[in-house]
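>
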Amino acid sequence: MIALGADHGGFQLKNAIKKHLESKGIACKDFGTNSKESVDYPNFALAVAKSVKSGECSEGILCCGTGIGISIAANKVPGIRAAVVGDVYSAKMTKEHNNSNILCLGERVIGEGLALMIVDTWLEANYAGAHHQKRLDLLAEIENTKWC
46 MIALGADHGG
56 FQLKNAIKKH
66 LESKGIACKD
76 FGTNSKESVD
86 YPNFALAVAK
96 SVKSGECSEG
106 ILCCGTGIGI
116 SIAANKVPGI
126 RAAVVGDVYS
136 AKMTKEHNNS
146 NILCLGERVI
156 GEGLALMIVD
166 TWLEANYAGA
176 HHQKRLDLLA
186 EIENTKWC
(Lines of atoms letter the chains of each structure in order from A and count residues from 1; the text may use other names and numbers.)
(Lines give C-alpha, C1' and ligand atoms only; values in the text may rest on other atoms or scores of the structure.)
Protein backbone atom coordinates (compact mmCIF):
# COMPACT_ATOMS: atom_id res chain seq x y z
CA MET A 1 0.00 0.00 0.00
CA ILE A 2 1.27 3.48 -0.90
CA ALA A 3 0.92 6.27 1.67
CA LEU A 4 -0.14 9.62 0.25
CA GLY A 5 0.03 13.03 1.85
CA ALA A 6 0.09 16.69 0.95
CA ASP A 7 -0.35 20.16 2.26
CA HIS A 8 -2.59 22.73 0.59
CA GLY A 9 0.09 23.48 -2.03
CA GLY A 10 0.14 19.85 -3.17
CA PHE A 11 -3.49 18.93 -2.60
CA GLN A 12 -4.53 18.79 -6.27
CA LEU A 13 -1.45 16.83 -7.34
CA LYS A 14 -1.95 14.32 -4.52
CA ASN A 15 -5.51 13.76 -5.69
CA ALA A 16 -4.37 13.25 -9.29
CA ILE A 17 -1.76 10.73 -8.14
CA LYS A 18 -4.33 8.92 -5.98
CA LYS A 19 -6.71 8.63 -8.93
CA HIS A 20 -3.85 7.43 -11.16
CA LEU A 21 -2.73 4.76 -8.67
CA GLU A 22 -6.26 3.54 -8.08
CA SER A 23 -6.84 3.27 -11.85
CA LYS A 24 -3.83 0.93 -11.96
CA GLY A 25 -5.16 -1.17 -9.08
CA ILE A 26 -2.53 0.12 -6.63
CA ALA A 27 -3.86 0.46 -3.10
CA CYS A 28 -3.15 3.71 -1.30
CA LYS A 29 -3.88 5.30 2.04
CA ASP A 30 -4.56 9.04 1.96
CA PHE A 31 -3.31 10.90 5.02
CA GLY A 32 -4.68 14.24 3.77
CA THR A 33 -4.98 17.15 3.49
CA ASN A 34 -8.41 17.18 1.95
CA SER A 35 -8.79 20.78 0.84
CA LYS A 36 -6.87 23.83 -0.36
CA GLU A 37 -7.20 25.43 3.08
CA SER A 38 -3.79 26.35 4.50
CA VAL A 39 -2.27 23.62 6.69
CA ASP A 40 1.15 22.79 8.11
CA TYR A 41 3.09 20.35 5.92
CA PRO A 42 5.12 18.75 8.75
CA ASN A 43 1.97 17.09 10.10
CA PHE A 44 1.28 15.29 6.82
CA ALA A 45 4.93 14.43 6.23
CA LEU A 46 5.12 12.87 9.68
CA ALA A 47 1.96 10.80 9.20
CA VAL A 48 3.22 9.37 5.90
CA ALA A 49 6.77 8.83 7.20
CA LYS A 50 5.51 6.99 10.29
CA SER A 51 3.32 4.73 8.15
CA VAL A 52 6.29 3.84 5.93
CA LYS A 53 8.69 3.35 8.84
CA SER A 54 6.22 1.09 10.68
CA GLY A 55 5.57 -1.01 7.56
CA GLU A 56 1.89 -0.11 7.46
CA CYS A 57 2.63 1.23 3.96
CA SER A 58 5.45 0.03 1.73
CA GLU A 59 6.29 3.47 0.32
CA GLY A 60 5.00 7.00 0.37
CA ILE A 61 4.38 9.94 -1.92
CA LEU A 62 4.22 13.48 -0.55
CA CYS A 63 3.27 16.68 -2.37
CA CYS A 64 3.58 20.34 -1.49
CA GLY A 65 4.20 23.46 -3.53
CA THR A 66 7.82 22.58 -4.31
CA GLY A 67 8.32 19.19 -2.63
CA ILE A 68 11.13 20.69 -0.59
CA GLY A 69 9.52 21.51 2.76
CA ILE A 70 7.61 18.27 2.97
CA SER A 71 10.77 16.27 2.14
CA ILE A 72 12.76 18.03 4.86
CA ALA A 73 10.04 17.17 7.37
CA ALA A 74 9.80 13.51 6.28
CA ASN A 75 13.57 13.10 6.43
CA LYS A 76 13.53 13.96 10.14
CA VAL A 77 12.16 10.46 10.78
CA PRO A 78 15.03 7.95 11.10
CA GLY A 79 14.98 5.37 8.33
CA ILE A 80 13.13 7.61 5.91
CA ARG A 81 14.82 8.52 2.66
CA ALA A 82 12.52 11.09 1.07
CA ALA A 83 13.67 12.51 -2.26
CA VAL A 84 12.41 15.56 -4.12
CA VAL A 85 12.21 14.60 -7.78
CA GLY A 86 11.42 16.70 -10.83
CA ASP A 87 12.42 14.36 -13.67
CA VAL A 88 12.09 10.71 -14.65
CA TYR A 89 15.82 9.89 -14.56
CA SER A 90 16.15 11.12 -10.98
CA ALA A 91 13.07 9.12 -10.01
CA LYS A 92 14.75 5.95 -11.25
CA MET A 93 18.12 6.74 -9.68
CA THR A 94 16.78 7.70 -6.26
CA LYS A 95 15.17 4.27 -5.98
CA GLU A 96 18.01 2.27 -7.56
CA HIS A 97 20.90 3.99 -5.74
CA ASN A 98 19.38 5.54 -2.60
CA ASN A 99 16.51 3.11 -1.96
CA SER A 100 14.26 6.11 -1.38
CA ASN A 101 11.07 5.14 0.37
CA ILE A 102 9.19 8.42 -0.03
CA LEU A 103 8.85 10.38 -3.27
CA CYS A 104 8.29 14.14 -2.92
CA LEU A 105 6.81 16.25 -5.69
CA GLY A 106 6.09 19.93 -6.14
CA GLU A 107 2.69 20.82 -7.58
CA ARG A 108 3.80 24.35 -8.41
CA VAL A 109 6.99 23.11 -10.12
CA ILE A 110 5.96 20.21 -12.36
CA GLY A 111 2.84 19.46 -14.35
CA GLU A 112 0.50 16.60 -13.67
CA GLY A 113 1.58 14.59 -16.73
CA LEU A 114 5.25 14.65 -15.76
CA ALA A 115 4.38 13.93 -12.13
CA LEU A 116 2.51 10.77 -13.10
CA MET A 117 5.44 9.60 -15.26
CA ILE A 118 7.76 10.22 -12.31
CA VAL A 119 5.47 8.25 -9.99
CA ASP A 120 5.29 5.30 -12.41
CA THR A 121 9.06 5.28 -12.94
CA TRP A 122 9.78 5.46 -9.22
CA LEU A 123 7.32 2.69 -8.35
CA GLU A 124 8.69 0.40 -11.09
CA ALA A 125 12.36 0.93 -10.17
CA ASN A 126 14.15 -1.41 -7.77
CA TYR A 127 16.96 -0.85 -5.32
CA ALA A 128 20.23 -2.08 -6.84
CA GLY A 129 21.90 -2.88 -3.52
CA ALA A 130 25.56 -3.93 -3.77
CA HIS A 131 27.96 -1.04 -3.18
CA HIS A 132 25.06 1.37 -2.63
CA GLN A 133 24.24 -0.38 0.67
CA LYS A 134 27.47 0.86 2.25
CA ARG A 135 26.28 4.42 1.70
CA LEU A 136 22.85 3.70 3.21
CA ASP A 137 24.61 2.17 6.21
CA LEU A 138 26.62 5.39 6.59
CA LEU A 139 23.39 7.40 6.50
CA ALA A 140 21.97 5.18 9.23
CA GLU A 141 25.07 5.83 11.34
CA ILE A 142 24.53 9.56 10.99
CA GLU A 143 20.87 9.17 12.00
CA ASN A 144 21.85 7.21 15.09
CA THR A 145 24.57 9.60 16.28
CA LYS A 146 23.77 11.77 19.29
CA TRP A 147 24.72 15.30 18.29
CA CYS A 148 23.90 17.17 21.50
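Each residue of the sequence shown is one higher than the one before, counting from 46 in the numbering used here.
From the three backbone atoms N, C-alpha and C, an ideal C-beta is built for every residue, glycine too.
Compare the Cα-Cα distances from N171 to each of A185, F76, D75, N143 and report the closest residue.
Your numbering for residue 171 matches position 126 in the sequence shown. Nearest of A185, F76, D75, N143 to N171, Cα basis: N143.
> Roughly how many angstroms lie between the CA atoms of G55 and R180, to the nearest whole one?
As a first step, residue 55 is located in the sequence shown; it is residue number 10 there, counting from the start. As a first step, residue 180 is located in the sequence shown; it is residue number 135 there, counting from the start. For G55 and R180, the distance between alpha carbons rounds to 31 Å.
> Using CA atoms only, rank isn't needed, just tell me which of H177, D165, A90, A175 is closest to E67.
Position 22 of the sequence shown, counting from 1, holds the residue named residue 67. The candidate whose alpha carbon is nearest that of E67 is D165.
> With a threshold of 8 Å on Cβ separation, who are the neighbours of I125 within its own chain once the five nearest residues in sequence on each side are excluded?
To locate residue 125, count along the sequence shown from 1; it is residue 80. These residues qualify, in order along the chain: A94, V97, K98, A119, N146, I147.
> With a CB to CB cut of under 6 Å and the five nearest residues on each side skipped, what residues in its chain are close to H177?
Translated into positions along the sequence shown, residue 177 becomes position 132. So the list reads H142, once near-sequence residues are dropped.
> Quick one, which of S103, E152, L183 has its alpha-carbon nearest L168's?
Residue numbering aside, residue 168 sits at position 123 when the sequence shown is read from its first letter. Here the closest residue by C-alpha is S103.
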